[in-house]
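Working notes, beginning with the structure itself.
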Amino acid sequence: MSHIVRSVFLNQDFAQTSNSTKQDLTTNFDVVNGSLITYNPHVSLGYEVIYEYNTIWTYKDNTSKITFRLTEWNEGTSSWNVINGSYVTLKSLRQGTGVINYKYIFEKWSGSKQLRLECKDSSASFEGYLHTDYYQTHFFNPTVSCVTI
Amino acid sequence: MTYVISNNSNIYNVQAQKASSISSQTGTTSYQDLDTSDITYTCDSSASKVVYEYTVNFVRTSTFGVGSAKLLEYNTTTNSWEDFSNSTYASFGLATSSGYSRNNYTFKFVLDSWTGDKQLKMQWKMATGGLKAHHSDYVILINNISNSSYLIKPFLVVYSIK
């Protein structure tokens, strides 16, 4: 059976970063490796933009509590601004590990915009690693994408 | 089933499959195939990336459990399955006692494109503790009755990006 459908996913941009190490988070917000993207939404079609970031994580301490936030580059002030409502906290007891599928939806904008994800451990005793698995022998290549819908 | 997507999109050649019937798969220390993850995908020369996205549920069979999953490709020269790469592994769950692991996961791998057919699948095994795939812990059905043997069908979506 085949279907022909009108797509609502437009101008998807992808970036993938090769990784040969884990990212050891700190209690200060740091840039999440491979999360930076510069995106131009579709000019004439669509109303929203979805930002999506994928990687894996594993525990460092028995409890991990990791906070993510999305930021955008402000040309006027030459600084990264935190996007309202973009904070997400991952908390896991008992040596957790898993996948991260972070998504955020914007109203569509005109022109180019730079976006990146930042994250930190909530405390020095609730730490975790990004881009590696339970064994810490495999290193995931994180991907970031934006698409107009 | 094949979906052809057009109209100003750079996403195309979307193939999706969902299990028609399913049994739970109990994890062991050896890799086993994940149901419905096996696909032969035809990639054309205009693709830059291929996205492989598999969604599956796991639940504990003991007080804790961590599973390890990986993507494989079929080598038609050696007629054998090989790991796709060292960066297409993922782990999931909770590793110590009273970490009652149960969750739904989407494993998303973005792959460099190829020309022609390639057969892909996922496998998983236990890293520690016990889990079973495709099973929920328990759910409340619409008639308000709890069901502790509810099975959740996995599904796979694969598509190309120009």
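From first to last, the protein sequence lines stand for chains A and B.
Just add 1 to the spot in the first sequence (first one is 1) and you have our numbering.
Just add 109 to the spot in the second sequence (first one is 1) and you have our numbering.
All residues carry an ideal CB built from backbone N, CA and C; glycine is no exception.
Note down, in chain order, all residues in the region 110 to 139 of chain A with a beta-carbon under 8 Å from any beta-carbon belonging to chain B. Going along the region 110 to 139 of chain A in chain order, one finds D134, Y135, Y136 and H139 with a Cβ nearer than 8 Å to chain B.
Element boundaries [beta strand (DSSP E), containing A:S65]: Segment S65 to N75, the beta strand (DSSP E) holding A:S65.
Need the endpoints of the beta strand (DSSP E) that A:L26 sits in, please. Per DSSP, A:L26 lies in no beta strand (DSSP E) segment and is marked neither H nor E.
With 8 Å as the threshold, decide whether the Cβ of B:I270 is near any Cβ in chain A. So yes, B:I270 belongs to the interface.
Within 8 Å (strictly less), CB to CB, does A:Q96 reach chain B? Closer than 8 Å: yes.
For B:V219, which residues of its own chain have a beta-carbon under 7 Å away from its beta-carbon, when the five flanking residues on both sides are left out? Residues K158 and V160 of the same chain have their beta carbon placed closer than 7 Å to that of B:V219, with the five preceding and five following residues left out of the count.
Check whether chain B comes within 8 Å of A:G99, counting only Cβ atoms and requiring the distance to be less than that. With respect to chain B, the C-beta atom of A:G99 has a partner C-beta closer than 8 Å.
I'd like to know whether the C-beta atoms of B:A199 and A:F141 end up nearer to each other than 8 Å. In this structure, A:F141 lies closer than 8 Å to B:A199 by Cβ.
Taking one C-beta from the region 46 to 62 of chain A and one from the region 90 to 101 of chain A each time, how about it: are there three or more such pairs within less than 8 Å? Verdict: yes, contact present.
With three or more beta-carbon pairs closer than 8 Å as the criterion, would you say the region 169 to 177 of chain B touches the region 234 to 251 of chain B? Contact holds between the region 169 to 177 of chain B and the region 234 to 251 of chain B, because three or more Cβ pairs, one in each stretch, are under 8 Å apart.
What is the DSSP secondary structure of B:K262, reduced to helix, strand or coil? If DSSP states are grouped into helix, strand and coil, B:K262 belongs with coil.
Taking only the alpha-carbon atoms, compute the straight-line gap between B:S194 and A:G77 and give it to the nearest angstrom. Taking the straight line from one Cα to the other gives about 42 Å.
Cα separation between A:N34 and B:N253? Cα to Cα, A:N34 sits roughly 45 Å from B:N253.
For a contact meaning CB atoms closer than 7 Å, what does B:F351 contact in chain A? Residue 351 of chain B falls outside the range modelled here, since chain B spans only 110 to 271, and no answer is possible.
Answer with yes or no whether the minimum CB distance from B:T224 to chain A is below 8 Å. No, no contact with chain A.
Simplified DSSP state of B:I251, which is helix, strand or coil: Three-state result, B:I251: coil.
Does the beta carbon of B:I120 come closer than 8 Å to any beta carbon on chain A? Interface residue, yes.
Any beta carbon from chain D within less than 8 Å of A:T59's own beta carbon? Absent from the structure is chain D; the protein chains it does hold are A and B.
Which residue's Cα is closest to the Cα of A:L71: A:A125, A:L118, A:D122 and A:Q17? The residue with the shortest Cα to Cα distance from A:L71 is A:L118.
Going by C-alpha to C-alpha distance, which of A:V9, A:N20, A:N12 and A:F30 sits closest to A:V89? For A:V89, the nearest C-alpha among the options comes from A:F30.
Nonlocal neighbours in the same chain, by C-beta distance under 6 Å from B:T149, ignoring five residues either side: Counting only residues of its own chain and dropping the five nearest sequence neighbours on each side, B:T149 has a CB closer than 6 Å to the CB of D226 and Q228.
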